[in-house]
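Data block below; observations after.
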Amino acid sequence: NGEIVFQCFDKDVMGDDDDMGRFTMPMQDVPLSQLYREWRPFDDPEKTGEIEIEIFLKEDRAPSPRIKTDGKKPKGSLLQQMEAKERRDQLRANARKDAELADREQLFRDEARKRINNASAIALAKEQRRQAKI
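So for the sequence shown, this note's numbering puts the first residue at 47; every next one is plus one.
Spelled out as structure tokens, the structure:
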């Protein structure tokens, strides 16, 4: 369970900026690809006041062309969406590894065929030379 930490400072022209307060928010409370807005008090009871936050989380890269979207809004909490994305990414990574392994196996088979064909050609040439001597 991840958390987002919000830290608020004022801006001083001279001197250091002052810490006005902070609060944390569980990641699963923020929906993915939807605007989220809320007024939040600071975690420290000695810090007074509230701050309005507005968050819009989205994936940092475009989906691959193989993904077909149906135009529906995402379902579940942000955490559930992130876990589903991790599962999809792992499946894609496994598929890439399987394809690379299949390519390597094919190269190995092709190389083995070349060696067998070469050995057969050498044996045939030897047999032909032996037959020619007889």
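Using N, Cα and C, we set each Cβ at its ideal position, and we do this for glycine too.
These figures come from a predicted structure and were not determined experimentally.
By the three-class DSSP mapping on this structure, what secondary structure does Asp-156 have?
helix
Keeping to the same chain, check which residues put their C-beta closer than 6 Å to that of Arg-83; ignore five residues upstream and five downstream.
Glu-100
Taking all protein chains shown into account, do 16 or more other C-beta atoms lie within 10 angstroms of the C-beta of Gln-152, making it buried, or fewer, making it exposed?
exposed
Among Lys-160, Lys-172, Asp-75 and Glu-146, which one has its Cα closest to the Cα of Glu-49?
Asp-75
How many Å lie between Leu-78 and Pro-72 at the Cα?
13 Å
Using the C-alpha atoms, what's the distance from Leu-137 back to Asn-163?
39 Å
Ends of the beta strand (DSSP E) at Gln-53?
49 to 55
Should the stretch 54 to 68 be regarded as contacting the stretch 90 to 100, the criterion being three or more beta carbon pairs within less than 8 Å?
yes
Please work out which residues of its chain come closer than 6 Å, Cβ to Cβ, to Glu-98, disregarding the five sequence neighbours upstream and downstream, and give them in chain order.
Trp-85
Rounding to the nearest angstrom, what Cα-Cα distance links Leu-147 and Arg-161 in this structure?
21 Å
Alpha-carbon spacing of Ser-123 relative to Leu-103, whole angstroms
12 Å
Are the beta-carbon atoms of Phe-55 and Phe-69 separated by less than 8 Å?
no
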